[in-house]
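Peer 1: Submitted below is the structure of interest, expressed as structure tokens.
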Amino acid sequence: MRAPQKSGPSPLSLAFAKFRPALVATLVFSVFCNILMFVGPLYMLQIYDRVLSSRSNSTLIALTVIAGAMLATYAILDLIRSRVLVRAGVRFDQALGAPLFRAALTAALQSRSTNSSQALRDMDQVREFWTGSAVLTLCDAPFAPVFVAVCFLLHPYLGLVALGGALILFALALVNELVTRKSLSAAGKSQIDASNYATSTMRNIEVIQALGMQSAIHNRWAAKHQEVLGWQAAASDRAGLIMASTKFVRQFLQVAILGVGAYLSVQREISPGLMIAASIMMGRALAPVEQAVGQWKGLMATRTAWIRLKALFDAVPPQHERTQLPPPKGAISTEGLVVTAPNRQIPILKGITFQVEPGETIALIGPSAAGKSTLARTLVGAWPIAQGAVRLDGSDLRHYDAERLGRFIGYLPQDVELFAGTISENIARLGQVDDAEVIAAAELAGVNQIIQQLPDGYDTQIGEGGAVLSAGQRQRIGLARAVYGTPNLIVLDEPNASLDQAGDEALTEALKRIKSRGTTIVLVTHKPNLLGVADKVMVLAEGTMKMYGPTEQILAQLRGPRAVPGPTGPKPAEPQPASIAANPSERIALASDTRGAR
């Protein structure tokens, strides 16, 4: 018996756990690197206080050789810690990539927004920060007090200059954070908004070109982009003032410590060598603080990216391993199904309950905005459920592993999206291409001959979104993708929306062949010729189920009462149920697409 699942650490924490040993190792290497940084001050101290006074070339050579060997060791350790961080960053990326991609897809599915793709860029931002020089600066920062303490050992006055300089630079770093935080955060949000707007508008490039909307689109993008520039300029202006102040303080401190050292040397309280050594020590103590000020923008961007990643994983908890249910046979049902659009509160579907047996075909009809496409999306798990349940072979759809379940479901959306690659790869759902299965799916969908007429047949590169294909070709190939792998449930949303008469006839024959294999078919359509293959019809209006039953019965009800000839003349037919005949105008609207099916 499987133990109940417990909520464990987030994938972000688990990925950082992969990075933590490298961070510890970097700190250890940083200890030795910072110890070796004493080589320069000690060398200068020996030069001024020993070599210059003794004029000994042998001492100079020996000191130089020793200093060179130690500095070479420092360089090797510094190289090692940099490489350790880079390799740890790769492990961090590998550990976080898959769960982050799934979380981003889930978030996009829930919000129907492209903002979720920002999460992938956030991961790159975090990885680049942790593997760059900023982390080395942070690892060196704890040793700044050590160098300040050494300055105090050389002379209290020298220590006070170093300590005062470190405190001033640290204060400037805090001021930099306070004055730029809001601007950088706003700039980041605006940049994401502008980028997403540009990406979404480029998908409608043909409409933009045909309707002369270039200027209008540019003006809207430019307004968003100008907002980004405004926030960035405000942050850069403030940060620039801090940076200029930091440089002034840094240079003045170098002058100050040399001046104090010279005064102490004149007073014979320290030697000239100690004066130079103290200058180098202070420079080493202030370097991490100064570098932190320069890297503050990257640090703030990384912090913001980390907060967004954490918020994403909090909103989309990781999926636990589920019990592997058997392949579904195709029986599908709903129970009091209520569905709302992503980020909306008003329900689109209201209390839908129906059942379809394996191998049956159900047609969903009704006026526009009735909820047909929403029901289709919900049946395949593409839209979340607010209330109720969708059951496949009696099991709640949410109990299935989504990726495994997808192998047993075929889905053709109303707006067919294909992916960059070959036709074979698209039919095979970008998985391992089984040539026999691909051709079988194409033949079943009636698109094999169309594919053979293309320049490279099944190996034709279709471009991003299938740009080299017509709308009808994309829809037919999308149908082949839906039936690939002999799924037991196929949901088709307006499969003939872009087809001509020949395509319609081919689609009808394809549906008959698919149905003959015992596949359950859910069909959204406005065209009456496809109703002939349906066993049942559901009529939707305003998100509710108005009628449901055998095709002939529903079509007869939709046609309304007709005069029936009798022995003494025509007499009215039996009245329809009140739920159907209560609103004649509504019935006429529902029946408008079915009159050709008589």
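In the working numbering, the protein residues as written are 8 to 605. Cβ atoms here follow ideal geometry from the backbone N, Cα and C, with glycine treated the same way. Since we're looking at a predicted model, the values are computed, not measured.
Just to confirm, are L19 and K317 a CB contact at a threshold of 8 Å?
Peer 2: Mapped onto the sequence shown, residue 19 falls at position 12. Mapped onto the sequence shown, residue 317 falls at position 310. Yes, these two residues count as a Cβ contact at 8 Å.
Peer 1: Short check: CB of M545 to CB of I369, under 8 Å?
Peer 2: As a position in the sequence shown, residue 545 is number 538, starting the count at 1. As a position in the sequence shown, residue 369 is number 362, starting the count at 1. Cβ distance < 8 Å, so M545 and I369 count as in contact.
Peer 1: Going by CA-CA distance only, name the one from A115, P535, G550 that's closest to I353.
Peer 2: In the sequence shown, the residue the question calls residue 353 occupies position 346. For the residues A115, P535, G550, the minimum Cα distance to I353 belongs to G550.
Peer 1: Taking all protein chains shown into account, do 16 or more other C-beta atoms lie within 10 angstroms of the C-beta of G343, making it buried, or fewer, making it exposed?
Peer 2: As a first step, residue 343 must be located in the sequence shown, where it is residue number 336. The residue in question, G343, is exposed, as its Cβ has fewer than 16 Cβ neighbours within 10 Å.
Peer 1: Comparing C-alpha positions only, which one of L165, W228, V440 sits nearest to A202?
Peer 2: Counting from 1 along the sequence shown, the entry for residue 202 is found at position 195. Correcting the residue identity first, residue 202 is Ser in this sequence and not Ala. Comparing Cα positions, the closest option is W228.
Peer 1: Any idea what DSSP makes of L371, helix, strand or coil?
Peer 2: Taking the sequence shown and counting its residues from 1, one reaches residue 371 at position 364. L371 falls in the strand class under three-state DSSP.
Peer 1: Considering only the alpha carbon of each residue, which of S61, D400, D466, K196 lies closest to P335?
Peer 2: For the purposes of this step, residue 335 is identified with residue 328 of the sequence shown, where counting begins at 1. Answer by Cα proximity: D400.
Peer 1: Comparing C-alpha positions only, which one of A141, A377, D408 sits nearest to L299?
Peer 2: Taking the first residue of the sequence shown as position 1, residue 299 is located at position 292. Reading the sequence as shown, one finds Ala at residue 299 and not Leu. When each option's Cα is compared against that of A299, the closest is A141.
Peer 1: Under a Cβ-count criterion, where at least 16 other Cβ atoms within 10 Å of its own Cβ denotes burial, should R9 be classed as buried or exposed?
Peer 2: As a working mapping, residue 9 is identified with position 2 in the sequence shown. Caution applies to R9, whose pLDDT of 40 falls short of 50 and renders its modelled position unreliable; the value that the coordinates give is listed next. With fewer than 16 other Cβ atoms within 10 Å, it is exposed.
Peer 1: Going by beta-carbon coordinates alone, are A36 and L84 separated by less than 8 Å?
Peer 2: Residue mapping note: residue 36 aligns to position 29 of the sequence shown, counting from 1. Residue mapping note: residue 84 aligns to position 77 of the sequence shown, counting from 1. The amino acid occupying residue 36 in the given sequence is Phe; Ala does not appear at that position. Contact: yes.
Peer 1: Can you name the start and end residues of the beta strand (DSSP E) that I469 belongs to?
Peer 2: Sequence index remark: in the sequence shown, residue 469 carries index 462 (1-based). Here I469 belongs to no beta strand (DSSP E), and DSSP marks it neither H nor E.
Peer 1: Judging by CA-CA distance, which residue of R405, E432, G388, E559 is the nearest neighbour of G417?
Peer 2: Stepping through the sequence shown from its first residue, residue 417 is reached at position 410. Of R405, E432, G388, E559, the residue nearest in Cα terms is G388.
Peer 1: State the beta-bridge partners of D403 as determined by DSSP.
Peer 2: Stepping through the sequence shown from its first residue, residue 403 is reached at position 396. R398.
Peer 1: Can you find the residues in the same chain that come closer than 6 Å, C-beta to C-beta, to A169, ignoring five residues on each side of it along the sequence?
Peer 2: Numbered from 1 along the sequence shown, position 162 holds the residue referred to as residue 169. V155, C158, M289, A292.
Peer 1: Figure out for me which residue from S340, I175, G247 has the closest Cα to the Cα of L260.
Peer 2: What you label residue 260 is simply residue 253 of the sequence shown in a count that begins at 1. Ranking the options by Cα distance to L260, first place goes to I175.
Peer 1: Would you identify the three-state DSSP class for M545, choosing helix, strand or coil?
Peer 2: Locating residue 545 in the sequence shown gives position 538, counting from the first residue. Three-state DSSP puts M545 in a strand.
Peer 1: Along the chain, where does the alpha helix (DSSP H) containing L461 start, and where does it finish?
Peer 2: The residue given as residue 461 occupies position 454 in the sequence shown. No alpha helix (DSSP H) contains L461, which DSSP labels as neither H nor E.
Peer 1: Buried or exposed: A276, going by 16 or more other Cβ atoms within 10 Å of its Cβ?
Peer 2: Residue 276 sits at position 269 when you count from the first residue of the sequence shown. First, the residue type needs correcting, since residue 276 is Glu and not Ala in the sequence shown. Counting Cβ neighbours within 10 Å, E276 comes out exposed, since fewer than 16 surround it.
Peer 1: So, helix, strand or coil for T311, using DSSP?
Peer 2: One-based indexing of the sequence shown puts residue 311 at position 304. Here T311 sits in helix by DSSP.
Peer 1: Run through the segment 503-553 for me and flag every whole alpha helix (DSSP H) of 4 or more residues, listed as ranges in chain order.
Peer 2: List check, alpha helix (DSSP H) in window: 508-523.
Peer 1: Could you spell out the range, first to last residue, of the beta strand (DSSP E) harbouring G343?
Peer 2: As a position in the sequence shown, residue 343 is number 336, starting the count at 1. It spans 339-347 - the beta strand (DSSP E) in which G343 sits, taken as one unbroken run.
Peer 1: What would DSSP say about T493, mapped onto helix, strand or coil?
Peer 2: Against the sequence shown, residue 493 aligns to sequence position 486. It is coil, neither helix nor strand.
Peer 1: Do the CB positions of L49 and L281 come within less than 8 Å of each other?
Peer 2: On the sequence shown, residue 49 is found 42 positions in, with the first residue counted as 1. On the sequence shown, residue 281 is found 274 positions in, with the first residue counted as 1. Taking 8 Å as the Cβ cut-off, L49 and L281 do not qualify as a contacting pair.
Peer 1: Among all the DSSP beta bridges, which residues are the ones paired with L499?
Peer 2: Here residue 499 corresponds to residue number 492 of the sequence shown, with the count starting at 1. Paired residue(s): L419, L530.
Peer 1: Cβ atoms of C146 and Y81: under 8 Å apart, would you say?
Peer 2: For this step, residue 81 is matched to residue 74 along the sequence shown. For this step, residue 146 is matched to residue 139 along the sequence shown. No, the pair does not count as a contact, with Cβ atoms beyond the cut-off.
Peer 1: For my contact list, L538 and T558 are in at a C-beta cut-off of 8 Å; report their separation, rounded to the angstrom.
Peer 2: Here the question's residue 538 lines up with position 531 in the sequence shown. Here the question's residue 558 lines up with position 551 in the sequence shown. Between T558 and L538 the Cβ distance is about 6 Å, and since that is below 8 Å, they are a contact.
Peer 1: I'd like to know whether the C-beta atoms of I287 and G47 end up nearer to each other than 8 Å.
Peer 2: Stepping through the sequence shown from its first residue, residue 287 is reached at position 280. Stepping through the sequence shown from its first residue, residue 47 is reached at position 40. Against a cut-off of 8 Å, the Cβ pair of G47 and I287 comes out as a contact.
Peer 1: Please list the terminal residues of the continuous alpha helix (DSSP H) segment that includes Q560.
Peer 2: The residue given as residue 560 occupies position 553 in the sequence shown. Where Q560 is concerned, the enclosing alpha helix (DSSP H) stretches over 558-566.
Peer 1: From which residue to which residue does the beta strand (DSSP E) around I355 run?
Peer 2: Position 348 of the sequence shown, counting from 1, holds the residue named residue 355. Segment 354-363, the beta strand (DSSP E) holding I355.
Peer 1: Measuring straight from C-alpha to C-alpha, what distance separates L356 and T347?
Peer 2: Position 349 of the sequence shown, counted from the first residue, corresponds to residue 356. Position 340 of the sequence shown, counted from the first residue, corresponds to residue 347. Whole-angstrom Cα-Cα distance: 7 Å.
Peer 1: Taking DSSP as the reference, what is the three-state secondary structure of P582?
Peer 2: Walking along the sequence shown from the start, residue 582 turns up at place 575. Bear in mind that a pLDDT of 38 at P582, under 50, signals an unreliable position, so the number given afterwards is only what the model happens to contain. Here P582 sits in coil by DSSP.
Peer 1: Check for me: the alpha helix (DSSP H) holding S252 runs from which residue to which?
Peer 2: Indexing the sequence shown from 1 puts residue 252 at position 245. Segment 221-273, the alpha helix (DSSP H) holding S252.
Peer 1: Can you tell me which of the three DSSP states T208 falls into?
Peer 2: Position 201 of the sequence shown, counted from the first residue, corresponds to residue 208. In this structure, T208 counts as helix in the three-state DSSP scheme.
Peer 1: CA-CA distance, Q439 and E432?
Peer 2: In the sequence shown, the residue the question calls residue 439 occupies position 432. In the sequence shown, the residue the question calls residue 432 occupies position 425. Taking the straight line joining both Cα atoms gives about 8 Å.
Peer 1: Looking at the structure shown, is T71 part of a helix, part of a strand, or coil, going by DSSP?
Peer 2: Reading the sequence shown from its first residue, position 64 is the one you call residue 71. T71: helix per DSSP, three-state reduction.
Peer 1: Helix, strand or coil: which one does DSSP assign to T144?
Peer 2: In the sequence shown, the residue the question calls residue 144 occupies position 137. The answer is helix: DSSP assigns T144 an H, G or I state.
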